[in-house]
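Chains as they are written, first to last, in this note's numbering: chain B, 1119 to 1572; chain G, 1119 to 1572.
Glycine included, every Cβ here is placed at the ideal spot set by N, Cα and C.
Working notes, beginning with the structure itself.
2 protein chains.
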Amino acid sequence: MCRILFGFIALLFSGDLQSQSDSLFIRKIADEVFQHSMAYGNLRVLTKTIGPRLSGTPQTYMAEKWGEEALKVAGADRVYLQQCNIPHWVRGGKDQAAVIMDNDHQLLQVIALGNSVSTKRGGITAPMILINDFEELEQRKNELKGKIVFYNYPFNPNFVNTLFAYFDAVPYRALGPSRAAKYGAVGVVVRSMSSSTDNFPHTGAMVYNDSFPKVPALAVGLQDADKLAALVARNKNPSLYISTNAHTLPDTIGFNVIGEWKGSEFPDQYIVVGGHLDSWDPAEGAQDDGAGCVHSIEVLRALKAVGYKPRHTIRIVLFTDEENRGSGASKYASEAKAKNEKHIFALESDGGGFTPRSFSIGGSPEQISVFRSWLPLLNLYGVTDILTIGAGADVDPLVEAVGAVTGELIPDTQRYFDYHHAGNDVFEKVNKRELELGAINMAALIYLVDKYGL
Amino acid sequence: MCRILFGFIALLFSGDLQSQSDSLFIRKIADEVFQHSMAYGNLRVLTKTIGPRLSGTPQTYMAEKWGEEALKVAGADRVYLQQCNIPHWVRGGKDQAAVIMDNDHQLLQVIALGNSVSTKRGGITAPMILINDFEELEQRKNELKGKIVFYNYPFNPNFVNTLFAYFDAVPYRALGPSRAAKYGAVGVVVRSMSSSTDNFPHTGAMVYNDSFPKVPALAVGLQDADKLAALVARNKNPSLYISTNAHTLPDTIGFNVIGEWKGSEFPDQYIVVGGHLDSWDPAEGAQDDGAGCVHSIEVLRALKAVGYKPRHTIRIVLFTDEENRGSGASKYASEAKAKNEKHIFALESDGGGFTPRSFSIGGSPEQISVFRSWLPLLNLYGVTDILTIGAGADVDPLVEAVGAVTGELIPDTQRYFDYHHAGNDVFEKVNKRELELGAINMAALIYLVDKYGL
Chain B
1119 MCRILFGFIA LLFSGDLQSQ SDSLFIRKIA DEVFQHSMAY GNLRVLTKTI GPRLSGTPQT
1179 YMAEKWGEEA LKVAGADRVY LQQCNIPHWV RGGKDQAAVI MDNDHQLLQV IALGNSVSTK
1239 RGGITAPMIL INDFEELEQR KNELKGKIVF YNYPFNPNFV NTLFAYFDAV PYRALGPSRA
1299 AKYGAVGVVV RSMSSSTDNF PHTGAMVYND SFPKVPALAV GLQDADKLAA LVARNKNPSL
1359 YISTNAHTLP DTIGFNVIGE WKGSEFPDQY IVVGGHLDSW DPAEGAQDDG AGCVHSIEVL
1419 RALKAVGYKP RHTIRIVLFT DEENRGSGAS KYASEAKAKN EKHIFALESD GGGFTPRSFS
1479 IGGSPEQISV FRSWLPLLNL YGVTDILTIG AGADVDPLVE AVGAVTGELI PDTQRYFDYH
1539 HAGNDVFEKV NKRELELGAI NMAALIYLVD KYGL
Chain G
1119 MCRILFGFIA LLFSGDLQSQ SDSLFIRKIA DEVFQHSMAY GNLRVLTKTI GPRLSGTPQT
1179 YMAEKWGEEA LKVAGADRVY LQQCNIPHWV RGGKDQAAVI MDNDHQLLQV IALGNSVSTK
1239 RGGITAPMIL INDFEELEQR KNELKGKIVF YNYPFNPNFV NTLFAYFDAV PYRALGPSRA
1299 AKYGAVGVVV RSMSSSTDNF PHTGAMVYND SFPKVPALAV GLQDADKLAA LVARNKNPSL
1359 YISTNAHTLP DTIGFNVIGE WKGSEFPDQY IVVGGHLDSW DPAEGAQDDG AGCVHSIEVL
1419 RALKAVGYKP RHTIRIVLFT DEENRGSGAS KYASEAKAKN EKHIFALESD GGGFTPRSFS
1479 IGGSPEQISV FRSWLPLLNL YGVTDILTIG AGADVDPLVE AVGAVTGELI PDTQRYFDYH
1539 HAGNDVFEKV NKRELELGAI NMAALIYLVD KYGL
């Protein structure tokens, strides 16, 4: 019994020593990032020198050059490009809208949704019909013909994690236009998917159903959305004027930018860390997803700087075209599958540069419990939970393609939808230390996955 | 054995039911706050209509009126004022400084420290000596005579919780001027206590040691501090020009504003919830501590709105003069002691309106473990830890005076020292949802303390 007890204590003690050495190593990573991080400086160049990075624009190509250079500086053994066919939707000028009533008009803050068609030259004017949700749409389907539908579905404040409010509301943006066109609507204006207090309109991808006419679709700022709703509540029957020159050009090419750091034991097994280089066009794509790109580059830089030697090959992937069609993610996954590359883990950062809260992990219950067992090592740096709400769009295809375990950094979500796809997603809204804490937690997780496997 | 087991299961089950009912009640509080909170609107009025609230200024008195009204609207049974002697330090105009070298000068972003004396009219110019820390001060004490000491002690980035960096650096602001004057320095400039990337200087309280001459003391922005350090590193020997009209007038009066909500079972036992009404003067005191005031008022409003009936009497206290001398806190505590009022708990919010992370509790290990046992109820709303780093300055005197258990909301600290005591502590830096989450966690904690006692 004494021997058993001794063995048990030895086990406890060795576990403790191991966790102590991990804890010290992660502290080393944190000190390195807090003192020498290049994440914030990299983000400044990406956002302030290059700016908005809508797929197919010159800025996307400038961003690819930037990414190559930044990955080299961070210490990648090898940096290369992966060519992808990407969509080429253009805004074509300033989107406009106004509410018209009693021979008067008031301008509205609007922005065309991604993939929207244009209005006819000079815009269109039609009676507005306010629709609160899809149930009401079906009930009033006979009233829609010739009208502009204003979807006023709220971004539910009661969800503590705002991602759930987004998941709840986003069908109105993504699918609402075609569902209204089915019943003869000639245009759609959708309440922005946001919890902000300002009036910035928030764009984002919309997908037409080819069975129905393609109608122009725009998002409207929350203050203006409330104004429209107030008019309807007072039994006013306004018309809307909408105008956009948005249209889709033939596909063009874009590139995933990949920086590789060769593994010492398993060079043919990969760990992916990534974000997406493209952004919507009204601002600088600082939180979405400049932050994820510089997070990922910083993981490489910091782990190298503290002298870490990875067992598996680590690939930093700056994905092209996440926003419009996810073509960068598809391309990466299909090439990985074609080459039969073993991917043990793929981690993404696409929730902004806010203070970290958790990781979301896609894997088996056993794998998820491995991540949970690492929480005591991450708590100090802000990650206190492992969620299982899926990982992001850029790593998700790797589940089916190569059976990868996937993960996403989930920073605090309270401010994310203030800026998401809107004109205020600028560098100044990113806090340096919050950004750095994201990189610290990501680097720590990659270290643990690389060291212990999954 | 069967009966014991049954009893055990019944106990588990009843515990579960109880925690379920608490969980549902806290969800009700959260929904109420997310949907109808007055915290953000109240903060807008306090910051935008009234503005900076330096003790003794007319704005402090306007803020007291505002507080009375806001507490009445929130549903206090009774609102009253508690008169205090408060210090009356005035800035007396714009503080100025410049670095002078080779017959050239460059202006510096500075702000006089609270309680500083003025320079002579027109300012003073003297050779600058850069001192990195108190150890170096002692080593070079013979070099200080007739000079202006520039304390360049860094705000250590390696502390994840920035409060520790502040505790570490703040002696240079609070005590540094007299320690330099002891050796003949004629003025002091201190590196701002901040982790920001901008150049706003950060003021804050300084305390003279009456044994030494009182020398004027200012804080300098971080970018300018780095410039000064770079000059010294290049063996330049600049002089500094500093000018301030700061001076102290005789004490004046201020008021703690108290809103009371009578308890049904223990009306003579009190739970305090508070923040401080005063602020430093360069901006609007939005995070410090407008947020704490509106948090506290919202606790009352929300608990009333969901139909809660407190067992103990809840007092919302908007303290006067936290920043200069803590006279509001002393007054409240000494009156509580004089009246022998039993205070079971006193909770403060003075860490800003950022996303909540934890509460810090001052109490016995048993009491702290009671708070820890409530964490599963708070996790969803962002509070995942109970710290024991002490509670804030406004409730702390209640420990000695009446043996109260104390607590402080500890929101995420990454951004706090970007704004603390600086010109950018404005309403626009407060996020509505983050502010509301603070109020939700505070209301939940007050509900639990009131219901279960301590």
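Whole angstroms is fine: what's the gap from Tyr1301/B's alpha carbon to Asn1260/B's?
-> Cα-Cα distance, rounded: 7 Å.
Report the residue from Leu1161/G, Ser1361/G, Pro1428/G, Gly1377/G whose alpha carbon sits nearest the alpha carbon of Glu1546/G.
-> Considering only alpha carbons, the answer is Leu1161/G.
Contact under 9 Å by Cβ, Val1466/G with Gly1541/G | One point to set straight first is that residue 1466/G is Glu, not Val, in the sequence displayed. Contact flag unset, no.
Closer than 9 Å, CB to CB, is Phe1126/B near chain G or not?
-> Any reading at Phe1126/B is ruled out, since the residue's pLDDT is 45, under 50, leaving its predicted position unreliable.
Taking the continuous alpha helix (DSSP H) assigned at Thr1280/B, which residues delimit it?
-> For Thr1280/B, the uninterrupted alpha helix (DSSP H) segment begins and ends at 1280-1292.
Whole angstroms is fine: what's the gap from Lys1427/B's alpha carbon to Leu1231/B's?
-> Lys1427/B and Leu1231/B have their C-alpha atoms roughly 45 Å apart.
Buried versus exposed, by CB contacts within 10 Å (16 or more), Ile1360/B = Label assigned to Ile1360/B: buried.
Comparing the C-beta of Lys1550/G with each C-beta of chain B, is any distance below 9 Å?
-> Yes, because at least one Cβ of chain B sits closer than 9 Å to the Cβ of Lys1550/G.
Taking C-alpha atoms, which residue in Glu1253/G, Gln1227/G, Gly1377/G, Ala1364/G lies nearest to Leu1358/G?
-> Of Glu1253/G, Gln1227/G, Gly1377/G, Ala1364/G, the residue nearest in Cα terms is Gln1227/G.
What three-state label does DSSP hand Leu1572/G in the structure shown?
-> The answer is coil: DSSP assigns Leu1572/G none of H, G, I, E or B.
Within the same chain, show all residues whose beta-carbon is closer than 7 Å to that of Val1424/B, passing over the 5 residues directly before and after it, in chain order.
-> Closer than 7 Å at Cβ, skipping near neighbours: Lys1146, Ile1147, Glu1150.
Beta-carbon of Ala1561/G versus every beta-carbon of chain B: anything under 9 Å?
-> Ala1561/G does not count as touching chain B.
When the Cα atoms are used, what is the spatial distance from Leu1367/B to Ser1445/B?
-> Straight-line spacing of the CA atoms in Leu1367/B and Ser1445/B works out to 16 Å.
Under 7 Å Cβ-Cβ, which residues of chain G neighbour Tyr1499/B?
-> Those are Val1278, listed as they occur along chain G.
Residue(s) in a DSSP beta bridge with Asp1503/B | Ser1476/B.
Proximal chain B residues relative to Leu1555/G, where beta-carbon distance stays under 8 Å | Within chain B, the residues whose beta carbon sits less than 8 Å from that of Leu1555/G are Val1278, Gln1532, listed in sequence order.
Candidates Ile1144/B, Ser1155/B, Gln1138/B: closest to Lys1550/B by CA position | That would be Ser1155/B, whose Cα lies nearest to the Cα of Lys1550/B.
Give the DSSP-derived three-state secondary structure of Met1156/B in the structure shown.
-> If DSSP states are grouped into helix, strand and coil, Met1156/B belongs with coil.
So, do the region 1484-1491 of chain G and the region 1508-1515 of chain G have three or more beta carbon pairs nearer to each other than 8 Å?
-> By the Cβ test, the region 1484-1491 of chain G is not in contact with the region 1508-1515 of chain G, since fewer than three Cβ pairs between them sit closer than 8 Å.
What residue from Pro1176/G, Phe1143/G, Leu1142/G, Ser1478/G has the CA that sits closest to Asp1399/G's CA?
-> For Asp1399/G, the nearest C-alpha among the options comes from Pro1176/G.
Out of curiosity, what's the CA-to-CA distance linking Gln1153/B and Lys1183/B?
-> Gln1153/B and Lys1183/B have their alpha carbons spaced roughly 26 Å apart.
Using 8 Å as the threshold, is the region 1264-1283 of chain B in touch with the region 1522-1536 of chain B, meaning 3 or more CB pairs across them?
-> Yes, the region 1264-1283 of chain B is in contact with the region 1522-1536 of chain B.
Taking buried to mean at least 16 other C-beta atoms within 10 Å of its own C-beta, is Gly1125/G buried or exposed?
-> Here the model assigns Gly1125/G a pLDDT of 42, short of 50, so the residue's position is not dependable and the matter cannot be decided.
Pick helix, strand or coil for Arg1429/B, following the three-state DSSP scheme.
-> It is coil, neither helix nor strand.
When the distance is taken between beta carbons, is Leu1527/B closer than 9 Å to Gly1403/B?
-> Against a cut-off of 9 Å, the Cβ pair of Leu1527/B and Gly1403/B comes out as no contact.
According to DSSP, residues forming a beta bridge with Gln1201/B = Gln1201/B is bridged to Phe1373/B.
Tell me, please, whether the CB atom of Thr1315/G is closer than 9 Å to any CB atom in chain B?
-> It does: the Cβ of Thr1315/G has a partner Cβ on chain B nearer than 9 Å.
Arg1475/B to Leu1498/B, Cα distance in whole Å?
-> One Cα belongs to Arg1475/B, the other to Leu1498/B, and the distance between them is close to 11 Å.
List, in order along the chain, the chain B residues whose C-beta lies closer than 7 Å to that of Phe1143/G?
-> Chain B residues near Phe1143/G: none, gap ~15 Å exceeds 7 Å.
Proximal residues to Ala1128/B (C-beta, below 7 Å), its chain only, five neighbours per side dropped | For Ala1128/B, the pLDDT reaches just 45, beneath the cut-off of 50, and the residue's location in the model is therefore unreliable, although a value from the coordinates is still provided. Exclusion of the five residues before and after Ala1128/B leaves no residue of its chain whose Cβ lies closer than 7 Å to its Cβ.
Tell me whether Arg1082/G sits in a helix, a strand or coil according to DSSP, three-state version.
-> Look at the range of chain G in this structure, 1119 to 1572, and you will see that residue 1082/G is not part of it.
Would you mind working out which of Ala1561/B, Gln1214/B, Asn1203/B, Ser1137/B sits nearest Val1338/B, comparing C-alpha positions?
-> Closest option to Val1338/B, Cα to Cα, is Gln1214/B.
Just the Cα atoms here: how many angstroms apart are Leu1563/G and Ile1432/G?
-> One C-alpha to the other measures close to 13 Å.
Alpha-carbon to alpha-carbon, Ser1452/B and Leu1123/G = Confidence is the limiting factor: at Leu1123/G the pLDDT is only 43, short of 50, which leaves the residue's position unreliable, though a coordinate-based value still follows. For Leu1123/G and Ser1452/B, the distance between alpha carbons rounds to 57 Å.
Might you give, ordered along the chain, the residues of its own chain that have their beta carbon closer than 7 Å to the beta carbon of Val1068/G, omitting 5 neighbours on each side?
-> Beyond the ends of chain G as shown, which are 1119 and 1572, falls residue 1068/G; an answer cannot be given.
Could you tell me whether the Cβ atoms of Asp1536/B and Ala1401/B are closer together than 9 Å?
-> No. Outside cutoff.
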